[in-house]
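Residues 7 to 322 (this note's numbering) are what the sequence shown spells out, left to right. The block underneath contains the structure these notes are about, expressed in structure tokens.
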Amino acid sequence: MSTTATAHTNIALIKYWGKKDTRLNLPTTSSLSLTLKQFYTVTTVTPNALADQLILNGEESDTTRTHQFLDVLRGQLGHFSPLTVTSENHVPTSAGLASSASAFAALTGAVTREIGCDLNKVALSRLARRGSGSASRSFYGHFAVWHEGVDDVTSFSESLNAPDMPIALVVAEVSSRVKKVSSSEGMRRALTSPNYHDWLTKSKLQFQDMQSAVMATDIEKIGSIAEDNALSMHALNLTASQKPFTYFTSETQQILAIVQDLRQQGILAFATIDAGPNVKIITTITTAPIVTAALHDALPHIHIETATSGSGINYD
Ligand code: 2P0
Numbered sequence: 007m008s009t010t011a012t013a014h015t016n017i018a019l020i021k022y023w024g025k026k027d028t029r030l031n032l033p034t035t036s037s038l039s040l041t042l043k044q045f046y047t048v049t050t051v052t053p054n055a056l057a058d059q060l061i062l063n064g065e066e067s068d069t070t071r072t073h074q075f076l077d078v079l080r081g082q083l084g085h086f087s088p089l090t091v092t093s094e095n096h097v098p099t100s101a102g103l104a105s106s107a108s109a110f111a112a113l114t115g116a117v118t119r120e121i122g123c124d125l126n127k128v129a130l131s132r133l134a135r136r137g138s139g140s141a142s143r144s145f146y147g148h149f150a151v152w153h154e155g156v157d158d159v160t161s162f163s164e165s166l167n168a169p170d171m172p173i174a175l176v177v178a179e180v181s182s183r184v185k186k187v188s189s190s191e192g193m194r195r196a197l198t199s200p201n202y203h204d205w206l207t208k209s210k211l212q213f214q215d216m217q218s219a220v221m222a223t224d225i226e227k228i229g230s231i232a233e234d235n236a237l238s239m240h241a242l243n244l245t246a247s248q249k250p251f252t253y254f255t256s257e258t259q260q261i262l263a264i265v266q267d268l269r270q271q272g273i274l275a276f277a278t279i280d281a282g283p284n285v286k287i288i289t290t291i292t293t294a295p296i297v298t299a300a301l302h303d304a305l306p307h308i309h310i311e312t313a314t315s316g317s318g319i320n321y322d
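So this is what it looks like as structure tokens:
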């Protein structure tokens with residue numbers, strides 16, 4: 007038998023940027039995300055007699071991270087036989103979005119179903135967190151929150167049950183010639199910033215304010231809080247006392263300036279940035295083409311895609 011699951015990736019509007027327990031992958035803050043319809047991973051698991059195997063986008067790939075995660079699942083759920091994991095990422099690298107959120111969510115869903123473990127999404131979110139923190143948020147459609155918690159049981163994600171709204175995310179891919187600092191390494195360095203404590207305090211307040219803005223379907227407020235939260239996160243990287251760094255390139259800064267210009271013209275546009283140079287612009291579905299045109303005029307060579315609110319995990 008085999009089982010297939012599809013999970014969409016998500017973008018954090020209130021970021022996770024630091025671990026208080028690296029084994030359990032407990033974050034220092036709660037985070038809040040929007041699931042994206044256009045970007046997802048489809049994963050099929052099939053038992054095999056030999057050893058765990060990963061086929062990613064049609065090619066046999068390094069199994070280390072997948073194998074470690076499958077062993078975490080074996081520790082939590084009891085022994086199961088080796089699996090062939092076949093995964094197709096519909097998260098174009100050109101969009102500059104991380105696929106680990108959708109990948110580990112889809113894998114967790116497929117494995118638990120395959121071995122006959124009927125778990126609810128909260129339980130799945132706890133398990134997926136061990137593979138990649140942001141994956142815990144990818145079981146839910148629309149807006150999700152990941153509660154930081156204090157241990158394995160209390161650190162889980164759930165849906166915000168937010169009303170529908172015409173929110174859109176314009177993703178601008180910026181080329182990066184510098185070697186990327188991994189998320190885990192970036193978080194380790196950020197923790198050494200003298201501003202880290204202030205960031206924790208601010209993030210807690212913004213997490214509350216963001217939930218209110220989402221429930222009020224106030225896209226302008228959502229964007230405004232998200233931009234401030236993201237820029238504060240990136241300020242930690244710059245002010246790290248050990249190996250300060252930035253993910254920004256000159257094009258990242260150019261796009262941030264365009265976003266500010268658009269706002270001055272009365273156009274709803276706010277930026278958020280993750281562990282890389284790409285900029286995601288929070289706007290409305292009707293305004294997204296205006297934002298895209300402004301970016302295209304200034305930077306005709308960059309790839310731009312628009313994403314909208316997506317659904318939670320599903321099984322074929
Ligand atoms: C987030 N990011 O909340 C933050 C904002 C990037 C910037 O979660 O170490 O791949 O696997 O738990 O989830 C990306 O890091 O990190 C991330 P691990 P993950 O979306």
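Backbone N, C-alpha and C define an ideal beta-carbon position, used for all residues, glycine too.
Range of the contiguous alpha helix (DSSP H) that encloses residue i
{"i": "residue 202", "result": "202-221"}
{"i": "residue 256", "result": "256-270"}
{"i": "residue 14", "result": "No alpha helix (DSSP H) holds residue 14; the beta strand (DSSP E) holding it covers 9-20."}
{"i": "residue 185", "result": "Looking at the DSSP string, residue 185 is not in any alpha helix (DSSP H), and its letter there is neither H nor E."}
{"i": "residue 238", "result": "225-244"}
Closest residue to residue i among the options (Cα-Cα distance)
{"i": "residue 309", "options": "35, 236 and 179", "result": "179"}
{"i": "residue 45", "options": "87, 38 and 147", "result": "147"}
{"i": "residue 300", "options": "321, 260 and 320", "result": "260"}
{"i": "residue 132", "options": "158, 176, 108 and 273", "result": "158"}
{"i": "residue 204", "options": "305, 242 and 72", "result": "242"}
{"i": "residue 245", "options": "190, 279, 198 and 237", "result": "198"}
{"i": "residue 54", "options": "266, 92 and 43", "result": "92"}
{"i": "residue 284", "options": "222, 304, 319 and 176", "result": "176"}
{"i": "residue 162", "options": "143, 171, 172 and 280", "result": "143"}
{"i": "residue 306", "options": "208, 232, 202 and 181", "result": "181"}
{"i": "residue 33", "options": "155, 223 and 225", "result": "155"}
{"i": "residue 90", "options": "110, 107, 59 and 118", "result": "59"}
{"i": "residue 140", "options": "11, 10 and 17", "result": "17"}
{"i": "residue 97", "options": "313, 320 and 319", "result": "313"}
{"i": "residue 304", "options": "282, 272 and 258", "result": "258"}
Inter-residue spacing [alpha-carbon to alpha-carbon] between residue i and residue j
{"i": "residue 13", "j": "residue 37", "result": "19 angstroms"}
{"i": "residue 85", "j": "residue 129", "result": "18 angstroms"}
{"i": "residue 254", "j": "residue 120", "result": "42 angstroms"}
{"i": "residue 192", "j": "residue 249", "result": "9 angstroms"}
{"i": "residue 240", "j": "residue 136", "result": "24 angstroms"}
{"i": "residue 39", "j": "residue 169", "result": "14 angstroms"}
{"i": "residue 287", "j": "residue 56", "result": "46 angstroms"}
{"i": "residue 265", "j": "residue 275", "result": "6 angstroms"}
{"i": "residue 65", "j": "residue 201", "result": "43 angstroms"}
{"i": "residue 68", "j": "residue 223", "result": "42 angstroms"}
{"i": "residue 324", "j": "residue 116", "result": "In this structure the chain extends from 7 to 322, so residue 324 is not present and cannot be described."}
{"i": "residue 212", "j": "residue 87", "result": "44 angstroms"}
{"i": "residue 23", "j": "residue 35", "result": "8 angstroms"}
{"i": "residue 27", "j": "residue 271", "result": "44 angstroms"}
{"i": "residue 145", "j": "residue 273", "result": "32 angstroms"}
Reduced DSSP secondary structure (H/G/I, E/B, other) of residue i
{"i": "residue 25", "result": "strand"}
{"i": "residue 74", "result": "helix"}
{"i": "residue 32", "result": "strand"}
Proximity test, Cβ basis, 9 angstroms: residue i and chain D
{"i": "residue 175", "result": "No chain D appears in this structure, which consists of one protein chain only."}
Span of the beta strand (DSSP E), counted from its first residue to its last, around residue i
{"i": "residue 45", "result": "37-53"}
{"i": "residue 62", "result": "59-62"}
{"i": "residue 87", "result": "Premise fails: residue 87 is in no beta strand (DSSP E) and is neither H nor E."}
{"i": "residue 67", "result": "65-67"}
Taking only runs that begin and end inside the region 93-181, name each unbroken alpha helix (DSSP H) of 4 or more residues, in chain order.
106-120 and 127-135
Secondary structure, beta strand (DSSP E): runs of 3+ residues fully inside the region 266-314
276-279, 285-290 and 310-314
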